[in-house]
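Notes follow the structure.
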Amino acid sequence: MSFIPNTDSDRAAMLEAVGKPSVADLFHDVPASHRFPKLDLPPALSEQEVLVELDTLARANADCGALPCFLGAGAYRHFIPSVVDYVISRSEFATAYTPYQPEISQGTLQAIFEYQSMIARLTGMEVSNASHYDGATSTAEAVIMALNVAQGQRRRVVLSAGLHPHYREVVRTYTQGMDLQIIGDDEDTGPLELASRCDSATACVVVQSPDFFGRIIAPAVLTELAKKVHACGALLVAAVNPVSLGVLAPPGEAGVDVAVGEGQALGNAMSFGGPYLGFFAFRREHVRKSSGRIAGETVDGAGRRGFVFTLSTREQHIRREKATSNICTNQSLNALAAAAYLAALGPRGLAQVAELCWHKAHYAAGKIGAVPGFRAEKAEFFHEFTVSCPIAPAEINRRLFETHGIIGGYDLSADYPAEKFPARKNQMLFCCTEVNTRAEIDRLASALAEVSHA
Amino acid sequence: MDSKVDQGVRYSKTHEWVRVEGGEAVIGISDYAQNKLCDIVFVELTAVGREMKVGAACMVIESVKAAEEVFAPVTGTVTARNEALVKTPELVNSDPFGKGWLVRVKLASPSEVNALMDAAAYTSFIATL
Amino acid sequence: MPEPLLFEKSRPGRAGVSIPACDVPQTPVPATLRRAALDLPEVSEVDVVRHYLRLAHLNYCVDEGLYPLGSCTMKYNPKVNEAAARLPGFARLHPLQDPSTAQGAMRLLFELQGMISEIGGFDAVSLQPSAGAHGELTGILIMRAWHASRGDARRTRILVPDSAHGTNPASTTMAGLEVVEIPSDARGNVDLMHLRAQLDERTAGLMLTNPNTLGLFDENLLAITHLVHEAGGLVYGDGANFNAILGVAKPGLMGIDVMHFNLHKTFSTPHGGGGPGSGAVGVVKALADFLPGPVVSHAGKDAGAGYAWSTPGRSVGRVKSFHGNFGVLVRAYTYIRMLGPDGLREVAENAVLNANYLQARLKDTYPVPHGDRTCMHEFVAQGRIAGAPDVRALDVSKRLIDYGFHPPTNYFPLIVHEALMIEPTETENRETLDRFVEAMQSIAREAAAEPALLHDAPHASPVRRLDEVKAARELKLTAEKAAGR
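Which chain is which? The protein sequence lines are A, B and C, in order. Quick note: the first sequence, position 52, residue 1367 per my numbering, numbers continuous. Quick note: the second sequence, position 14, residue 11 per my numbering, numbers continuous. Quick note: the third sequence, position 274, residue 260 per my numbering, numbers continuous.
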């Protein structure tokens, strides 16, 4: 079944119009020795059969939605209201092309404009783009934007060790051909100490709040950091958690120049890592150095309000090798999901979700910290916190899952092996969201007591 | 469509014009150039105090569908920029030789101007394009 | 009637979703950390539904009709893909859960890696890149890393044909390499003479889209890849047009060393109004070590370990967090499993036949610069009509909207004036193709008799032609705040 409507009879008539005897004759430009190779693939399946196969594969996984789960570390389990899937399932949004013909794409364009406006207000920034691939690539694009703002004259970038390991790696991957010096994340210094590594060759400083270990950078500290970074002539980039902004002070108020982050938590399924949503918001004065599509408001020939993509001269299809980025297809449907989510929740709903995350995580930290051998790190946190464990987290998680059917927190040794990071030995990152119940958290604490003997 | 060719300036092959006023020169783009760009939406001007080197790309003029580089027709230091273009970039379309001027430079080597085309030569030049 | 913004429909106190009460003791949020206010729309669920439904009504989409967009491959998006991606055992997986608890998902990825390798003639695949351009950047970084690994620091240039998509030179610049443009010859192939002249010890590689954006299969493909290899360079394949040769030829066996596939084009995943997509990258054996990690590996049937994550030894680094757009990958996997080897080949056969049919029927009305050649899955016509000198591609496109079709790709490739790049795909039936031809012929007649109909088009769409100049000059990029907020 290949979804091809034409029959042999249709094809015969069309071949006649084309003046070729057979379909194979249309491929005469393909080198004969390479034409029509064998494809060693499983034979075709009907829809009924393929769904059985997929169901088997799906059932071979532990469903995080059906079990108590305390994993975070960059992807988060939140409740997604039914209305979100309703919106993104509409053919007119899901099967539409990029809105390059704005007259028949006002649905997509207005939805994007609204998404941009919501992100701008949520982060306290002046302008947002239509999306990047995810939080990591959004951070890399922010670094590139800072280089462009400095007109290529500054080649140093300071990254906080609190920035998600994937984000730091993607920044390095993206910029490996740009002859940059990337420093700062070799030591877990506080944000203000990071400012001391900033100088006249620095294009930007990148921090994260709450950071990878869950620690919040207080607004007063972020404001102070912004002042110091600006005094060097550099930009301050902050990666932030969008749900936390339901309750926490937004980066824009602290003087941050570019706010980025992972938008998955806003109405997008965890889906084993993607598709996600990189949000990207910045000061209006830098808009011409920004990357990614941007929708703008205008009017049509009859004076009616409408929306179009604008500032296209920054982009690859016009500027080619001088574009601010190569990005073309982005994450439009995920941005729509985020907008529908924010619309459904509203400011009070988002604040309630954020507060539930806060209260449950703090309750969990208290319960876990009370289990002998476990110590929760003392720092202001939103919904993730680091715990030092009496034995290896990998073993704890194995026992939690096999004996108790609980998916535990993130084993930090994966990114911070004890040989290189002795302070992080046997540490685990626990996350609680509004989805974790008190009963689950209590069960986790008592399970930890059981599984933590050597 | 016939382009206006101002008689009092000299032209580069890349459609910039230069009007010499003492040791300084005012620089802009020709009517032919603004016509090709269509509606101009943004002009990126060189900062005051910066140097431009003859032949090098120094500024960018954007329409909705294109971004064209402006190449320095002479070498010099920028002494003034047309700040009106920030709010009203369309002046380059409506009055390319007058109110749509781009920058003013102090000439580093005034003889460079002689290498540029006069109005008659430029008129012939654009007729061949 | 224009639909108001959500912000304009907002009324204080309205809310959409009910949130559960807090079931744990509360810990106060310090006042120093709190935000003062959050200015988002306050609307009820019925407002949200009506708003987005009305916006949906303003959109054209592939479920409604033909999108003859060249190089976009707007084929039908099977609904079974949506069911597959939404299975809870896929949708609710956390990317960092222990591999032992995600063996089903990892098996899907491992099999998909293998299937794409087989389809493309490659030896290894990364499913991590999120889009074609993302794949391009990945591929060029791989090429750069390979040259560096051989101690060759001179190779700083990438040759890019003048028909290339803008992402090609943009990706090259991001990777820190220099773009050298190669012209096309009179038959629409890469100009071999110019190619030879530019190949030297500074060449890192050539970026090739084949079939190219003129819709033509390069008649010298094997010679081209041979020449580049002889000069010490690598060949990057831009897979945007792979729908034309799916099951008909394997690029990896024809000299392409690294190639991205657009899963949201060739492999039927929905376009979503601008994404998400997926730009899987396939490489030949010599480059497998440089792929971004992690990839899914399998220790072998007898090893107990099952599917695991592994990072290639000389990886250029991850290009994204986690593993890739898994939800998109599930859809592509479903599609490939349903089609099977014969179904995949039939896709290309029908896509190419449909395009040739349109070319044959339209080339007497609209000039087709390379109409003497057999086109592949697309062809480029010119928006130039005899007897209507003032009518341009833009006008023809906008008038097509009034006939109920999405316009073809406009003004690309840059090497054809007033270009209209037309790609029907294999999922359109003959009647649709005939109606499209009739519409284009009717527009040609209108162009000569009543050009104003075209210049003022579209007339029948929700909005008329939009003022893009005003948008660029005034830059209203967010909704205005209500007074006092």
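For glycine and all other residues, C-beta sits at the position ideal for the given N, C-alpha and C. Predicted model only: the values in this text are computed from it and were never measured.
Nearest to residue i (by Cα), restricted to the options the options
i	options	result
residue 1485 of chain A	C:37, C:66, C:383, C:280	C:280
residue 1725 of chain A	A:1333, A:1391, A:1329	A:1391
residue 1577 of chain A	A:1493, A:1524, A:1614	A:1524
residue 67 of chain C	C:459, C:342, C:313	C:313
residue 1746 of chain A	A:1570, A:1740, A:1651, A:1756	A:1756
residue 233 of chain C	A:1406, A:1705, A:1611, A:1351	A:1351
residue 1493 of chain A	C:123, C:194, C:32	C:123
residue 138 of chain B	B:10, B:117, B:-1	Residue 138 of chain B lies beyond the stretch modelled for chain B, which goes from -2 to 126, so this question has no answer here.
residue 1395 of chain A	A:1613, A:1573, A:1558, A:1709	A:1558
residue 48 of chain B	B:75, B:7, B:2	B:75
residue 152 of chain C	C:220, C:210, C:224	C:224
residue 111 of chain B	B:4, B:0, B:17, B:1	B:17
residue -8 of chain C	C:8, C:29, C:351, C:216	C:29
residue 479 of chain C	C:163, C:147, C:190, C:187	Outside the shown range of chain C, which is -13 to 471, sits residue 479 of chain C, and nothing can be said about it.
residue 510 of chain C	C:180, C:25, C:187	Because chain C here runs from -13 to 471, residue 510 of chain C falls outside it and cannot be looked at.
residue 39 of chain C	A:1408, A:1490, A:1418, A:1675	A:1408
residue 32 of chain B	B:50, B:63, B:7	B:63
residue 1496 of chain A	A:1507, A:1503, A:1586, A:1513	A:1513
Distance CB(residue i)-CB(residue j) smaller than 9 Å
i	j	result
residue 1579 of chain A	residue 262 of chain C	no
residue 1451 of chain A	residue 1482 of chain A	yes
residue 199 of chain C	residue 399 of chain C	yes
residue 1522 of chain A	residue 1551 of chain A	yes
residue 1530 of chain A	residue 1589 of chain A	no
residue 24 of chain B	residue 12 of chain B	no
residue 393 of chain C	residue 401 of chain C	no
residue 411 of chain C	residue 65 of chain C	no
residue 451 of chain C	residue 1389 of chain A	no
residue 1713 of chain A	residue 84 of chain C	yes
residue 1688 of chain A	residue 1767 of chain A	yes
residue 1638 of chain A	residue 1592 of chain A	no
residue 116 of chain C	residue 310 of chain C	yes
residue 67 of chain B	residue 57 of chain B	yes
Residue span of the beta strand (DSSP E) that contains residue i, given as start and end
i	result
residue 1606 of chain A	Careful: residue 1606 of chain A lies outside any beta strand (DSSP E) and carries neither H nor E.
residue 368 of chain C	365 to 368
residue 284 of chain C	281 to 284
residue 179 of chain C	Looking at the DSSP string, residue 179 of chain C is not in any beta strand (DSSP E); the run it does join, the alpha helix (DSSP H), is 178 to 184.
Closer than 8 Å: residue i CB and nearest the ligand COA heavy atom
i	result
residue 1326 of chain A	Absence of the ligand COA from the depicted structure is noted, as is the absence of any ligand whatsoever, leaving it without description.
Limits of the alpha helix (DSSP H) - the one that residue i falls within
i	result
residue 428 of chain C	416 to 435
residue 327 of chain C	312 to 348
residue 1370 of chain A	1362 to 1374
residue 1453 of chain A	1450 to 1464
residue 1672 of chain A	1647 to 1684
residue 218 of chain C	Counting along the chain, residue 218 of chain C falls outside any alpha helix (DSSP H), and DSSP gives it neither H nor E.
Quiz item: Which residues, taken in chain order from the region 137 to 169 of chain C, show a beta carbon closer than 8 Å to some beta carbon of chain B?
Solution: none
Exercise. Pull out every residue of the region 44 to 70 of chain B whose Cβ sits closer than 7 Å to any Cβ of chain C, in chain order.
Key: 61
Quiz item: What residues in the region 1624 to 1648 of chain A bring their beta carbon closer than 9 Å to a beta carbon of chain B?
Solution: 1625, 1626, 1627, 1628, 1629, 1633, 1634, 1637
Quiz prompt | Cβ pair count under 8 Å reaching 3, the region 90 to 104 of chain C against the region 1725 to 1741 of chain A | solution = no
Quiz item: Does the region 66 to 77 of chain C come within contact of the region 1431 to 1443 of chain A, defined as at least 3 CB pairs closer than 8 Å?
Solution: no
Quiz item: Just by C-beta distance, which residues in the region 1575 to 1601 of chain A are closer than 7 Å to chain C?
Solution: 1584, 1585, 1586, 1587, 1588, 1589, 1590
Practice problem: Spell out a yes or no on whether the region 1621 to 1631 of chain A and the region 1419 to 1429 of chain A are touching, meaning 3 or more CB-CB pairs, one atom from each, closer than 8 Å. | Solution: yes
Quiz item: Are at least three pairs of beta-carbons, each pair with one atom in the region 42 to 59 of chain C and one in the region 1334 to 1341 of chain A, less than 8 Å apart?
Solution: no
Exercise. Pair every Cβ in the region 331 to 350 of chain C with every Cβ in the region 1600 to 1613 of chain A, then say whether three or more of these pairs are closer than 8 Å.
Key: no
Self-check item: At least three beta-carbon pairs within less than 8 Å, the region 1709 to 1723 of chain A to the region 1379 to 1386 of chain A
Solution: yes
Practice problem: Compile a chain-ordered list of the residues in the region 104 to 127 of chain C whose CB is closer than 7 Å to at least one CB of chain A. | Solution: 104, 105, 116, 117, 118, 119, 120, 122, 123, 127
Quiz item: Is the region 6 to 16 of chain C close to the region 1363 to 1376 of chain A, with three or more CB pairs under 8 Å?
Solution: no
Self-check item: Contact set between the region 333 to 358 of chain C and chain A, restricted to residues whose Cβ is under 7 Å from the partner
Solution: 333, 335, 336, 338, 339, 342, 343, 346, 347
Exercise. Would you be able to state if there are at least three C-beta pairs under 8 Å between the region 310 to 327 of chain C and the region 1349 to 1365 of chain A?
Key: yes
Quiz prompt | contact_flag[the region 215 to 222 of chain C, the region 233 to 245 of chain C] where n(CB pairs < 8 Å) is 3 or more | solution = yes
Exercise. Note down, in chain order, all residues in the region 433 to 460 of chain C with a beta-carbon under 7 Å from any beta-carbon belonging to chain B.
Key: 454, 455, 458, 459
Quiz item: Should the region 252 to 260 of chain C be called in touch with the region 1635 to 1654 of chain A, which here means at least 3 C-beta pairs below 8 Å?
Solution: yes
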